[in-house]
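Enquirer:
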Amino acid sequence: MFSSEVSNSIPAIKKLDERSQLPKDPKQITNDQWKKVLSPEEYNVTRQSGTEAPFTNHFENHFVPGKYTCLCCGADLFVSDYKYHSGCGWPSFSKSVEQDKNIVRLPDDSIPGRHRTEVRCKKCDAHLGHVFQDGPKDSTGERYCINSVAINFESEQK
């Protein structure tokens, strides 16, 4: 059982007017529709592949048992068991839910001379962040570097 903590944990897609006849596929929701339910920063990060400022977000130093979900559609992305402090300024995870069940990896060469791998939500195509190969060696060796503004959190009820 999970409950909300730190964020409202209501996926943005649920905030859209139910009378608007949303497409069944969240990837088909228009930018105008997303703008109605996302803050300017949330829209910039999740829909335009932006990046929030490091060390200023609400999940970097957040270590409470629970799960992290996509801000836009609510898909399960990460659990707190694999969250760690990397010192990079953003929430870091060594593993995603069920080996990228709800994550797509894409090459990102947007910075000349620097190859990165972007991670996006498989269900709604929200930009989440990037994955790097400099994570904990005793786990997967990967570091998912995720924008706090792209995720919600649901605490585990014991």
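Note that this note's numbering gives residue 95 to position 86 of the sequence shown, counting from 1, and the numbers run on in steps of one. Glycine included, C-beta positions come from ideal geometry on N, C-alpha and C.
Nearest-angstrom Cα distance between residue 126 and residue 154?
Expert: Residue 126 sits at position 117 when you count from the first residue of the sequence shown. Residue 154 sits at position 145 when you count from the first residue of the sequence shown. Near 10 Å, if we compare the C-alpha coordinates of residue 154 and residue 126.
Enquirer: Note down, in chain order, each residue of its chain lying with its Cβ closer than 6 Å to the Cβ of residue 74, except the 5 sequence neighbours on either side.
Expert: Counting from 1 along the sequence shown, the entry for residue 74 is found at position 65. 89 and 165, listed in sequence order.
Enquirer: Could you spell out where the beta strand (DSSP E) holding residue 128 opens and where it closes?
Expert: For this step, residue 128 is matched to residue 119 along the sequence shown. Segment 123-130, the beta strand (DSSP E) holding residue 128.
Enquirer: To which residues does DSSP link residue 117 through a beta bridge?
Expert: Along the sequence shown, read from residue 1 onward, the residue named residue 117 stands at position 108. 125, per the DSSP bridge assignment.
Enquirer: Give me whichever residues DSSP pairs with residue 92 in a beta bridge.
Expert: What you label residue 92 is simply residue 83 of the sequence shown in a count that begins at 1. Its beta-bridge partners are 102.
Enquirer: Spell out the partners DSSP gives residue 152 in its beta bridges.
Expert: As a first step, residue 152 is located in the sequence shown; it is residue number 143 there, counting from the start. Bridge partners of residue 152: 141.
Enquirer: I need the straight-line Cα distance from residue 82 to residue 33, nearest angstrom please.
Expert: Your numbering for residue 82 matches position 73 in the sequence shown. Your numbering for residue 33 matches position 24 in the sequence shown. Using only the alpha carbons, I get a separation of about 12 Å.
Enquirer: Would you mind reading off the limits of the beta strand (DSSP E) that contains residue 76?
Expert: Walking along the sequence shown from the start, residue 76 turns up at place 67. Counting along the chain, the beta strand (DSSP E) containing residue 76 begins and ends at 75-79.
Enquirer: Work out the CA separation of residue 52 and residue 80 for me, nearest whole Å.
Expert: What you label residue 80 is simply residue 71 of the sequence shown in a count that begins at 1. What you label residue 52 is simply residue 43 of the sequence shown in a count that begins at 1. Computed Cα separation, rounded: 10 Å.
Enquirer: DSSP puts residue 161 in a beta bridge; with which residues?
Expert: Taking the sequence shown and counting its residues from 1, one reaches residue 161 at position 152. According to DSSP, which records beta bridges pairwise, residue 161 is partnered with 78.
Enquirer: Assign residue 19 to one of two classes, buried (16 or more other C-beta atoms within 10 Å of its C-beta) or exposed (fewer than that).
Expert: By 1-based counting over the sequence shown, the position of residue 19 is 10. With fewer than 16 other Cβ atoms within 10 Å, it is exposed.
Enquirer: Taking the straight line between their C-alpha atoms, what separation do you get for residue 64 and residue 152?
Expert: Taking the first residue of the sequence shown as 1, we reach residue 64 at position 55. Taking the first residue of the sequence shown as 1, we reach residue 152 at position 143. Taking the straight line joining both Cα atoms gives about 16 Å.
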